[in-house]
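Structure record follows, encoded as structure tokens.
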Amino acid sequence: MSQSEAPAVPSVAHHAFPEPRSRRAFLGLAQAAAAASAVAAVQPLRAAAASSDTRDELIYMSATKLAGLIRAKKVSAVEAVQACIDRQLAVNDRLNAVVMNSYARALAEAKAADKAAARGDWMGPLHGVPMTIKDSLDTEGVITTGATFGRQQFVPKKDATVVARVRKAGAILLGKTNTPEFTLGGLGGISAASNLLYGSSHNPYDLIRSTAGSSGGAGAIVAAGGAHFDIGSDWGGSIRGPAHNNGIAGIKPTSVRVPRTGHIVDYGGIFDLWQQLGPMTRRVEDLSLITPIISGPDFHDASCAPVPWVDPSTVSLNKLRVAYCVDNGATGQGATDEDTKKVVRQVAAWLNGATASVAEDAPTELLKTLSGARSKLSSGDGYAYYKRLAEKWHTENISPQRKAQMADPKLLSTAEMVEAWELQDECKSGLLAWMKGYDVFVCPVAGKPAQPIDVPGGATPGGASAGGGWPYTGVFNCTGWPVVVVRAGSSADGKLPIGVQIVAAPWREDLCLAVAAYVEAQSGGWLPPPI
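All residue numbers for the sequence shown refer to this note's numbering, where the first residue is 2 and numbers rise by one.
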């Protein structure tokens, strides 16, 4: 099979309510896909000793490497958990990344994990690996606010699906990370993960700079060595922006690969396919380890699809056709700076010697049109969807930024909303046709590296407004395509990380991850911050 061909996926009946026999077949298919994902998830564990990570510090090594050392009984879960707790205590007062901790429970779970390991009883491929989780995802027994006042003491009775899956695989929760209210409503003029409950997070490479949003707390603490991974959510760039600003790796999987059950903005509605959940790590190999663990239907998220996971290690780079662009046509505040362009060109040069072809090309007009359709859809109801969330959780004092937008709504008629929805789908079709000529597309994540937190009103979280062009990230939520971000270079002064987006057609995470791993090997990827 050529690398540009999609993997074969068993067909599923298209009628909405299958008769019993068909429904049983569907359930069997979904369970088989989940089982295949579980098998794929274990493979990196078996190869953990051959991890590409060369770091020996417990707080900085990859989750893959740490999992292998724990399984080899060279490191205990208690040692790993305590090291990350100590690191959080040392840096979090300055980062404000972890807003709720569960240290006592984490140490108890680590001791239990070590006792189980002594008996030869292994929970799974993440046995004993410390993690944090974005505060928008429910965590059983640990306060989960979603950054809104109505949930300031809310303790979920069960984990979000993705949290339950990584915990079942052996990961240990250290705490919750900062995010804007409902992940959608930051504080105007504060260009970082920020909210009225906890304030703003700070970038570990420069404390006056943005973590980006909305998974900004996650990006900051993972970059700083306070957790081996986090799970973020991405509605318009909320995994990818923080990965770029904080110099780590992150993946926005194909839409509906990962169930969104238990997220503060979960599934359903006009924006259903925009919301994707994925891991945030320091090394690309960890994305390949964790993503299949959290993938597959949970029979609550009504859209989640049972699509098999393809192992990135099977990809032949020398067969891939690569397209790239050094800027996204943005103007004004969002215009791409020379440092970012230089990094993207360097990535293209690396790939030019390793792949079948590299061409400077982009479907700019389609992306501009799609961006316009997205903008109309997201604001067309005057943010009534945001108001419903506030009412659901009994929040009276909502994000000032959203409150101001609600006071002066730009309402569209029903006909205009439907037209924008149709235009979105038309662009998606056109982009798929364009992508037939390539296997991956490389482009910037933002116009600049992390910008100062204190910026004029109107800038997007992350400090790099899209200006008059097409936004760097949100269009790929609309397409639902998988995207991996990896650090590929630095600002001219060497102080701030710069990432790139590696985009592929639906269900081809294997291509994104294989290319990202190659780029990481060339650039060095994540680097320890000075904090």
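We treat Cβ as the ideally placed atom computed from N, Cα and C, and that holds for glycine.
By Cβ distance below 6 Å, which residues in the same chain neighbour L424 in space, the five residues on each side in sequence not counted?
-> A374
P254 versus G237: straight-line alpha-carbon distance, rounded = 13 Å
Quick one: which unbroken alpha helix (DSSP H) runs of 4-plus residues sit fully inside the segment 151 to 220? Chain order, please.
-> 162 to 169
Residue span of the beta strand (DSSP E) that contains M62, given as start and end | Segment: none, M62 is in no beta strand (DSSP E) and carries neither H nor E.
Closest by CA to D382, which one among M418, S372, D362, K404?
-> M418
Could you tell me whether the segment 142 to 158 touches the segment 395 to 415, where touching means 3 or more Cβ pairs closer than 8 Å?
-> yes
Between A517 and the rest of its own chain, which residues show a CB-CB distance below 6 Å, the 5 nearest in sequence each way excluded?
-> V285, V485, V487, I503
In whole angstroms, what is the alpha-carbon distance linking R168 and P507?
-> 27 Å
Length-filtered (3 minimum) beta strand (DSSP E) runs lying within the segment 241 to 295 = 250 to 253, 277 to 282
When the Cα atoms are used, what is the spatial distance from V92 to S400?
-> 27 Å
To which residues does DSSP link R488 through a beta bridge?
-> G500
Using alpha carbons as the reference points, say which of G218, D455, E521 lies closest to G490.
-> E521
Element boundaries [beta strand (DSSP E), containing M436] | Element bounds for M436: not the beta strand (DSSP E) but the alpha helix (DSSP H), 415 to 436.
Hey, which unbroken runs of the alpha helix (DSSP H) at 4 residues or more fall wholly within the segment 51 to 132?
-> 64 to 72, 78 to 96, 104 to 119
Go to R403, then tell me how far its alpha helix (DSSP H) extends in each direction, as first and last residue.
-> 401 to 408
Measure the Cβ-Cβ separation of L512 and L321 and say whether it is below 9 Å.
-> yes
With 16 as the cutoff for other CB atoms within 10 Å, does G525 come out buried or exposed?
-> exposed
Could you give the distance in angstroms between the alpha-carbon of G269 and the alpha-carbon of R389?
-> 14 Å
Distance between N319 and P181 (C-alpha atoms, nearest Å) | 42 Å
Taking one C-beta from the segment 189 to 207 and one from the segment 243 to 261 each time, how about it: are there three or more such pairs within less than 8 Å?
-> yes
L378: beta carbon under 8 Å from a heavy atom of the ligand FAD?
-> What this structure holds is no ligand at all, so the ligand FAD is not there to describe.
Closest by C-alpha distance to D312, when choosing among G438, L290, T282, H301 | L290
Using three-state DSSP, classify A374 as helix, strand or coil.
-> helix
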